[in-house]
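Position in the sequence shown counted from 1, then plus 15, gives you the working numbering.
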Amino acid sequence: MNRYRIASIVVAIAAAGAFLAGCNGSSGEPRTTWNAAPAASSSSAPAGGTGGGEPVSALAAARSDASGVAGVQATTESSGVALTFDDGPDPNWTPKMLALLKKHDVRATFCLVGVQVQQFPQLVRDIVADGHTLCNHTWKHDTKLGTRSEDAIRADIKRTQDAIQAAAPGSSVKFFRHPGGMWTPRAVKVASDLGLTSIGWDVDPMDWNIAKYPAGNPMRDHILEVVRAKTQAGSIVLSHDAGGDRSGTLAAYEILLPELKKNFQLTAL
Ligand SMILES: [Zn+2]
């Protein structure tokens with residue numbers, strides 16, 4: 016029997032709770048140099064989400080929509096599975112992730128933070144050169160961006176688009192991911208006006224949370240458990256190649272990439 020089809024209730028419920036936190040959206044804020052905005056409290060859910068309550072309904076929400084906000088694409092809308100890596104580029108981790116993906120001939124999607132792009136433009140070019148898809152993850156990972164004015168949201172997203180173009184002229188960015196998954200209808204609308212599709216996820220191993228799952232083997236094993244249990248045709252998997260110690264993430268994908276390739280078509284968005 017295909018173990019990817021065996022859903023672990025325990026893991027699914029845990030992952031549903033994790034989903035609500037999203038990347039960087041809860042306690043245990045990853046160590047960063049660029050995250051100017053305070054993290055949401057652990058008791059608050061992404062705007063439009065299902066709140067911090069019943070995990071089973073949260074799981075249903077996670078599968079149907081990344082955020083509870085209309086217009087956020089939570090699956091690939093095909094049988095393919097998309098791996099997404101957020102918060103980079105990061106000189107400590109992005110090159111290692113690129114090498115790993117190249118070794119296994121897998122294309123993924125990288126959600127880039129503007130200040131990181133500005134600081135490490137060569138890494139953006141490396142991502143593009145390897146055939147991966149780019150996604151706009153805002154200028155400085157402001158988890159409250161969606162609550163700001165349309166003009167402020169537009170300026171932030173455009174500034175990030177411009178930085179990516181400056182780093183990798185001619186590259187194409189068609190996707191937007193709100194920091195922490197904290198979309199608002201306004202943020203989705205502005206992104207759409209700028210030609211960007213908002214992308215969420217339905218599989219979240221919480222790989223940013225090294226306070227809960229320490230970097231290295233504990234994190235690796237947690238990622239393996241969640242991704243193996245939850246990934247199905249059409250899944251978008253959220254992970255990170257920046258923002259803290261990602262040794263557990265790298266170790267997990269070293270094991271997961273061949274497994275996932277056997278079970279699914281891995282596709283960049
Ligand atoms: Zn993020």
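For every residue, glycine included, the Cβ atom is placed at its ideal position computed from N, Cα and C.
All values reported here derive from a predicted model rather than from experimental measurement.
Which same chain residues, not among the five before or five after residue i, have their C-beta less than 7 Å away from its C-beta?
i	result
Leu113	Asp141, Ile142 and Asp145
Ala182	Val132, Pro136, Val139 and Arg140
Ser207	Gly86
Thr48	For Thr48, the predicted model reports a pLDDT of 31, less than 50, meaning its position is unreliable; a value from the coordinates is still stated below. Answer for Thr48: no residue qualifies.
Leu271	Leu239 and Val242
Among the options, which one has its Cα closest to the Cα of residue i?
i	options	result
Arg174	Pro184, Lys155, Leu253 and Gly83	Lys155
Leu115	Thr264, Asp101, Arg163 and Asn278	Thr264
Asp157	Lys111, Asp102, Glu274 and Lys277	Asp102
Val241	Cys126, Ala267, Trp198 and Pro273	Ala267
Val128	His255, Phe279, Ala202 and Glu269	His255
Asp105	Gln134, Lys118 and Ala123	Gln134
Met197	Thr109, His152 and Met234	His152
Ala167	Arg201, Phe125 and His147	Arg201
Arg261	Gln180, Gln88, Pro110 and Gly83	Pro110
Ile172	Val84, Val203 and Pro233	Val203
Ala89	Gly161, Asn232 and Gln247	Gln247
Gln280	Val84, Asp120 and Gly83	Asp120
Val84	Tyr228, Gly259, Thr212 and Pro233	Thr212
Ser186	Ala230, Thr148 and Ala257	Thr148
Thr199	Asn278, Arg163 and Pro229	Arg163
Evaluate residue i with the Cβ neighbour count: other Cβ atoms within 10 Å of its Cβ, from every protein chain shown; 16 or more gives buried, anything less gives exposed.
i	result
Asn224	buried
Ala30	Caution applies to Ala30, whose pLDDT of 41 falls short of 50 and renders its modelled position unreliable; the value that the coordinates give is listed next. Label assigned to Ala30: buried.
Asn107	exposed
Gln6	The first residue shown for the chain is 16 and the last is 284, placing residue 6 beyond what the model contains.
Lys245	buried
Pro273	exposed
Ala226	exposed
Ser93	exposed
Asp217	buried
Pro184	exposed
Pro194	buried
Gly259	buried
Gly161	buried
Going by DSSP, what residues sit across from residue i in a beta bridge?
i	result
Gln280	For Gln280, which the question treats as bridged, DSSP gives no partner whatsoever.
Gln88	Ile214
Val252	Leu98 and Val218
Which same chain residues, not among the five before or five after residue i, have their C-beta less than 8 Å away from its C-beta?
i	result
Thr91	Ala97, Gly249, Ser250, Ile251, Thr282 and Leu284
Lys117	Asp145
Thr99	Ala123, Thr124, Phe125, Cys126, Cys150, Arg192, Ile214, Trp216, Ile251, Val252, Leu253, Ser254 and Leu284
Gly210	Lys189
Glu165	Arg201, Lys204 and Val205
Residues in its own chain within less than 6 Å of residue i by CB, not counting five upstream and five downstream?
i	result
Ala36	Because the pLDDT of Ala36 is 40, which lies under 50, any placement of that residue in the model is unreliable, and the number read from its coordinates should be weighed accordingly. No residues qualify anywhere along the chain.
Ile238	Pro220, Asp222 and Ala267
Cys150	Thr124, Cys126, Phe190 and Arg192
Gln180	none
Does any heavy atom of ligand 2 sit closer than 7 Å to the C-beta of residue i?
i	result
Pro104	Absence of ligand 2 is noted for the structure shown, with ligand 1 being the only ligands found.
For a cutoff of 8 Å on Cβ pairs, would you count residue i as touching chain C?
i	result
Ser262	Here chain C cannot be found, since the structure has a single protein chain.
Could you tell me which whole beta strand (DSSP E) segments of length 3 or greater appear in the stretch 143-228?
List check, beta strand (DSSP E) in window: 148-151, 188-191 and 212-214.
Counting only runs of 4+ residues fully inside the stretch 93-146, write out the alpha helix (DSSP H) ranges in chain order.
Qualifying alpha helix (DSSP H) stretches, in chain order: 109-118, 129-134 and 136-144.
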